[in-house]
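Its first residue numbered 1202, the sequence shown is counted upward by one per residue in this note's numbering.
By construction, the Cβ of each residue, glycine as well, lies at the ideal position given by its N, Cα and C atoms.
To keep things clear, I will list the structure first and then write my remarks on it.
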Amino acid sequence: MKDERILTFDEFDEMVNPRPEECEFDRVVERALSRRGFLGGVLATGSFTALAGSLLPTGARAAADRFAFEAIPASTADDVIVPPGYKAEVLVRWGDPLWSDAPEFDPATRGTAASQERSFGDNTDGQDVFLHEGHVLLVVNNEYTNRDILWGNNPDAKAASDDDVAKGMMAHGVTVVEIAATDGKWGIVKDSPYNRRITPQTDMSLTGPAAGHDLLKTAADPTGTTSKGTWNNCGNGMTPWGTYLACEENFNGYFSAEDENHEVSAELQRYGVSSKDWGYGWAGIDERFDVSKNPNEPNRAGYVVEIDPTDPASIPRKLTALGRFKHENAEAIVNNDGRVVVYMGDDERGEFLYRFVSEGVYAAGVDTHALLENGTLSVAKFNDDGTGEWLDLTPEATGLASQAEICIHTRQAASAVGATTMDRPEWVAANPNAPEVYCCLTNNKNRGVKPNAGGDDTSVNGPNPREANNYGQIVRWRPEGGDHGASGFEWDLYVLAGNPTVHQDAYGGSDNVNADNMFNSPDGLKFDSNGLLWIQTDGKYSNEGDFEGQGNNQMLAGDPVTGEIRRFLVGPNECEITGLSWSPDRRTMFVGIQHPGEDGNSHWPDGGNSVPRSAIIAVSREDGGLVG
Ligand code: FEO
Ligand code: CA
Ligand code: CA
Ligand code: CA
1202 MKDERILTFD EFDEMVNPRP EECEFDRVVE RALSRRGFLG GVLATGSFTA
1252 LAGSLLPTGA RAAADRFAFE AIPASTADDV IVPPGYKAEV LVRWGDPLWS
1302 DAPEFDPATR GTAASQERSF GDNTDGQDVF LHEGHVLLVV NNEYTNRDIL
1352 WGNNPDAKAA SDDDVAKGMM AHGVTVVEIA ATDGKWGIVK DSPYNRRITP
1402 QTDMSLTGPA AGHDLLKTAA DPTGTTSKGT WNNCGNGMTP WGTYLACEEN
1452 FNGYFSAEDE NHEVSAELQR YGVSSKDWGY GWAGIDERFD VSKNPNEPNR
1502 AGYVVEIDPT DPASIPRKLT ALGRFKHENA EAIVNNDGRV VVYMGDDERG
1552 EFLYRFVSEG VYAAGVDTHA LLENGTLSVA KFNDDGTGEW LDLTPEATGL
1602 ASQAEICIHT RQAASAVGAT TMDRPEWVAA NPNAPEVYCC LTNNKNRGVK
1652 PNAGGDDTSV NGPNPREANN YGQIVRWRPE GGDHGASGFE WDLYVLAGNP
1702 TVHQDAYGGS DNVNADNMFN SPDGLKFDSN GLLWIQTDGK YSNEGDFEGQ
1752 GNNQMLAGDP VTGEIRRFLV GPNECEITGL SWSPDRRTMF VGIQHPGEDG
1802 NSHWPDGGNS VPRSAIIAVS REDGGLVG
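If you want it as structure tokens, here you go:
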């Protein structure tokens, strides 16, 4: 056990940028009471279920049970648990070499910068599988690294050299790795020509409205059109033309200033950039990360990055048209009129949900680069009556000087038009069988307590109905006329997570939550090809108090039609489950196990006294049947 807990991203940001308490106690109580009335109506009278039902195609509710597994109980074992008839095997772990010129992971040293750059990165997150000319390519975000584990071989688990700092840097980014099944067991293909590490030092281009803007110019790039590297890549997306979208989330905490009294601009403060970093120390080995010397460098992060996994020499493209914020994932779909629509969450307490609609249409032979460079960026406003609208972010509507500036100061633009503050929008997933879209709102302890980083009010509202919300919910919306480019939509809540064994009010959760399937903090979200919704959690695993009986983080499947939710998998101690994809034959699902043992209490996956390592597992049926 550590004596001192490392703060989470959010806790650190709030420490360096404290927000005023907004509400006096009386006002909080008053609002909670009136909101309880609203919730009571929704939950107790069953109109919540009725609203959900009203969005369904007629006849769909009669569908038979579509789950091909038995629900499993919660678990606090330091192991991956799957239903009877299923098995889980490790595919690739942090530090596994991708080329035979790199050494095997050495637990005594935990590698070097050079070995890490040639190996699978740390903390697996969003992922997708691409089938290219018979090769199966797995592309994975390596979101961040737990410093206690990365440097756990050193006294006090601190970086002891510049190489230690650089090793941490090289553990971030994206991994492209070919995988193959031999005798039914999936593994990586070492030395495949497709294998690639994309790191915070890889050359990138800046595209879209903000490319070349003064705010993106630095000493190293006076043109404002090129950039180096990507980091803190959280969720992901896949374009209809077979490229990968890596989403830059908590990019801010890697910047610092030599002079800790240096005050960063208000614009950067909105994004949590400060003179103190989270302890990675990158400014010490690369001046780009010293915000007093390079105040525009943080403007070059916080984007969605497009990567072509089929060409290891391709230059990743940062897509400024999709806005700059703490991107979770990017759910890209082709609308019925051929335009490409991308739904995206900004994962911070009280931030917003966004939509991009391309100007051009996707058709064979079109310039797909242009599709994600020109379009309309909008932000969601949810009304309490179950309707909502997309507010376009234009210079006229926001008061910002240009579209370029909107693509850089996207949060400020969204605040200016009065978007709805949300309970941390994480992954968005579009139903392949119906024009409806789901988004995990993971939790928000500040709901009704403090404004967001821009000072916007965060009182309870329609899709965010609980104060001090530590369980989370999944909102879904259906665009007007089934047109994802329409400005109007209807919404409801697919599930309010909660603990019905502890709470009898709204904190007990919605009707489809019970003692056998309860969970907290939904985060990862993806539909399989059959239309089942897979839900992954990144929540509290104390198994005590509000979380009693919920065990370790887990993956569940939800039926969007009946609302039923079943637990499919539970992860090892202190992990989060994030990232999901399928083999091309749909007989194996690849699931990400992130930060096992983040507080020092796991030896997964290798057991014994081993160093815990983030890994991707391959889950399949013992009988070789389909899993998605
Ligand atoms: Fe990286 Fe919002 O999770
Ligand atoms: Ca996440
Ligand atoms: Ca999360
Ligand atoms: Ca996380």
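The shortest CA-to-CA distance from Val1562 to any of Asn1537, Cys1641, Asp1586 is the one to Asn1537. When secondary structure is reduced to three states using DSSP, Trp1483 falls in the helix class. With the criterion CB distance below 7 Å from any heavy atom of ligand 3, the matching residues run Asp1548, Glu1627, Thr1643, Ser1722, Asp1724, Asp1739, Glu1777 along the chain. Here the alpha carbons of Tyr1672 and Trp1628 stand approximately 16 Å from one another. In the DSSP assignment, Cys1608 falls within the alpha helix (DSSP H) that extends over 1604 to 1609. Judged by beta-carbon spacing, Leu1299 lies within the 8 Å limit of Val1378, meaning their Cβ atoms are closer than that value. Residue range 1348 to 1351 is occupied by the alpha helix (DSSP H) that includes Leu1351. Counting only unbroken stretches of 4 or more residues, no alpha helix (DSSP H) element lies wholly within the stretch 1498 to 1552. Distance from the CA atom of Pro1394 to the CA atom of Thr1511, rounded to whole angstroms, is 10 Å. DSSP, read as helix, strand or coil, puts Glu1305 in coil. Ligand 2 has no heavy atom closer than 7 Å to the beta-carbon of Gly1374. Short of 7 Å from the beta carbon of Ala1571, and not among the five residues preceding or following it, lie these beta carbons of its own chain, in chain order: Gly1561. The stretch 1554 to 1635 contains, as complete beta strand (DSSP E) runs of 3+ residues, the segments 1554 to 1562, 1576 to 1583, 1588 to 1593, 1626 to 1631 (chain order). Beta-bridge partners assigned by DSSP to Gln1751: none are found. Taken atom to atom, the span from the alpha-carbon of Met1719 to that of Tyr1481 is near 35 Å. Thr1779 has its CB nearer than 7 Å to a heavy atom of ligand 2.
Annotated three-state conformation of Asn1721 is coil, per DSSP. Distance from the Cα of Glu1691 is smallest, within the candidate group Ala1381, Pro1680, Leu1601, for Pro1680. Taking the Cβ of Glu1529 as the reference point, at least one heavy atom of ligand 2 falls within a distance shorter than 7 Å. Looking at the DSSP output, Ile1282 sits in a beta bridge with Val1771.
Remark: C-beta atoms of Gly1546 and Asp1693 do not approach each other more closely than 8 Å. Counting only the Cα atoms, Ser1616 lies some 43 Å from Ala1315.
The alpha carbon of Ala1565 has as its nearest neighbour, out of Val1535, Pro1773, Ala1707, Pro1723, the alpha carbon of Val1535. For Lys1368, the enclosing alpha helix (DSSP H) covers residues 1363 to 1371. Proximity of the beta carbon of Glu1450 to ligand 1 is indicated: a heavy atom of the ligand is located closer than 7 Å.
The bridge partners DSSP lists for Arg1814 come to none. Restricting attention to Arg1625, Lys1582, Ala1605, Cys1608, the CA atom closest to the CA of Asn1530 is found in Arg1625. Here Ser1803 is not near Trp1295, since their CB atoms are 8 Å or more apart. Annotation: the stretch 1404 to 1467 contains the following complete segments of the beta strand (DSSP E) (minimum length 3 residues), in chain order: 1404 to 1408, 1427 to 1429, 1434 to 1439, 1445 to 1449. Ala1358 has its alpha-carbon roughly 22 Å from the corresponding atom of Met1216.
In this structure, Asn1433 lies away from Glu1549, with their beta-carbon atoms at least 8 Å apart. In the DSSP annotation of this structure, Ser1320 is not part of any alpha helix (DSSP H), being labelled neither H nor E. Nearest C-alpha to Pro1423 among Arg1822, Gly1385, Arg1501, Asp1724: Arg1501. Ile1207 sits away from Ala1367, with the two beta carbons spaced by 8 Å or more. If you draw a 10 Å sphere on the C-beta of Gly1438, you find 16 or more other C-beta atoms in it, and that means buried.
Of the other Cβ atoms in all chains shown, fewer than 16 fall within 10 Å of the Cβ of Glu1459; this residue is therefore exposed.
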